[in-house]
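Read in order, the letters of the sequence shown correspond to residues 1 to 196 in UniProt numbering. Just so it is clear, CB atoms sit at the ideal spot from N, CA and C, and this is done for glycine as well. Source: prediction; values computed, not measured.
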Amino acid sequence: MPGGRRKSVLMASDVRVEGRVCEYPGCTAAGEFRAPKSRDKLHQYRWFCLEHVREYNAKWDFYAGMNEIEIEAQIRADQTWRRPTWKVGTRTGRQSQDPFESLLDPYDILADSDVIGTAGRRPAAQANNLTPAEQQALSILDLTWPQTLDSLKVRYKELAKRHHPDANGGSKDAEERLKLINRAYSTLRQSPHFAT
Numbered sequence: 001m002p003g004g005r006r007k008s009v010l011m012a013s014d015v016r017v018e019g020r021v022c023e024y025p026g027c028t029a030a031g032e033f034r035a036p037k038s039r040d041k042l043h044q045y046r047w048f049c050l051e052h053v054r055e056y057n058a059k060w061d062f063y064a065g066m067n068e069i070e071i072e073a074q075i076r077a078d079q080t081w082r083r084p085t086w087k088v089g090t091r092t093g094r095q096s097q098d099p100f101e102s103l104l105d106p107y108d109i110l111a112d113s114d115v116i117g118t119a120g121r122r123p124a125a126q127a128n129n130l131t132p133a134e135q136q137a138l139s140i141l142d143l144t145w146p147q148t149l150d151s152l153k154v155r156y157k158e159l160a161k162r163h164h165p166d167a168n169g170g171s172k173d174a175e176e177r178l179k180l181i182n183r184a185y186s187t188l189r190q191s192p193h194f195a196t
């Protein structure tokens, strides 16, 4: 078809079949317009004349015979085209195996302990000529010096996912924590110690 679009026969809104008679009792007009037979048979049709298809459509109720819970379930399923979905913000991902990960040890009291993991230890950044801003950024990201750019990126992505407001029900605290994490990551990315 030059200059025009082909219209699919299945999707065409003007599907008319000659020779059909209106299915409305007592009507002998041509049945040119289709209407679904029922909620369970949406692709099987009854054929009516224009007057009776309008009447049929005005009375037809897709949700007839359903209770409120079934109607709500139908609407929710239709919103996602009946595809599976998962809740946003649930922490179903991998959790840390270190039970002391969030333990803070600002005075290095537990630094020599074999029981405590490295997550709670204070970074030994002073010996590496890091600026106070870089030291604070490492602390916010809970990292010790030295680090590579790749390990910094991995840690940033992990913390950004964990503290993102969408993953925490829109929490303002999570939003503020994410802002701190973003600033810390930006500070370290611009540092000459992480030059690529």
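Is the Cβ-Cβ distance between LEU188 and LEU130 less than 7 angstroms? No; because the gap between Cβ atoms is not below 7 angstroms, this pair is not in contact.
Going by Cα to Cα distance, which pick from PRO84, LYS37, TRP86 is closest to LYS59? Of PRO84, LYS37, TRP86, the residue nearest in Cα terms is LYS37.
If contacts are defined as beta-carbon pairs under 8 angstroms, then ARG54 and GLU23 qualify, I think. What distance do you get, rounded to the angstrom? Separation of the CB atoms of ARG54 and GLU23 is rounded to 14 angstroms, and the pair is thereby denied contact status at 8 angstroms.
Might you give, ordered along the chain, the residues of its own chain that have their beta carbon closer than 6 angstroms to the beta carbon of HIS193, omitting 5 neighbours on each side? Once the five neighbours on either side are set aside, HIS193 has no close Cβ partner at all.
Nearest-angstrom Cα separation, counted from CYS49 out to ARG20: Roughly 10 angstroms between the two C-alpha positions.
Tell me whether GLN190 is buried or exposed, calling it buried when 16 or more other Cβ atoms sit within 10 Å of its Cβ. Exposed is the call here.
Apply the 10 Å Cβ neighbour rule to ARG155 and answer buried if 16 or more other Cβ atoms are within range, or exposed otherwise. ARG155 counts as buried, since no fewer than 16 other beta carbons sit within 10 angstroms of its beta carbon.
With distance defined between alpha-carbon atoms, name the residue in GLY65, TYR185, ILE181 nearest to HIS163. The shortest CA-to-CA distance from HIS163 to any of GLY65, TYR185, ILE181 is the one to ILE181.
Compare the C-alpha of SER186 against each of ILE71, ALA29, LYS157, MET66 and name the closest. Closest by alpha carbon: LYS157.
Through-space distance from GLN44 to TYR63, alpha-carbon basis: Between the C-alpha atoms of TYR63 and GLN44 there is a straight-line separation of about 18 angstroms.
According to DSSP, which residues form a beta bridge with ARG34? Under DSSP, the beta-bridge partners assigned to ARG34 are TRP47.
What residues in its chain sit with their C-beta under 6 angstroms from that of ALA184, if we drop five residues either side in the sequence? Cβ neighbours of ALA184 beyond the five flanking positions: ALA137, ILE140, LEU141.
Please list, in chain order, all residues of the same chain as ALA124 whose beta carbon is under 8 angstroms from its beta carbon, the five residues on each side excluded. Reliability of the predicted coordinates at ALA124 is poor, the pLDDT of 46 falling under 50, and no value is obtained from them.
Could you tell me the distance, in whole angstroms, from the CA atom of SER171 to the CA atom of PRO165? Looking at the two C-alpha atoms, the distance is approximately 5 angstroms.
What is the rounded straight-line gap between the Cα of ARG82 and the Cα of ILE71? So the two alpha carbons sit approximately 14 angstroms from each other.
At which residues does the alpha helix (DSSP H) containing ASN182 begin and terminate? Counting along the chain, the alpha helix (DSSP H) containing ASN182 begins and ends at 172–189.
Residue 198 versus THR80 - alpha carbon distance: Limits of the chain in this structure are 1 at one end and 196 at the other, which puts residue 198 out of reach.
So, for CYS27: in the same chain, excluding its five sequence neighbours on each side, which residues have a beta-carbon less than 7 angstroms away from its beta-carbon? In its chain, beyond the 5 residues on either side, CYS49, HIS52 have a beta carbon closer than 7 angstroms to the beta carbon of CYS27.
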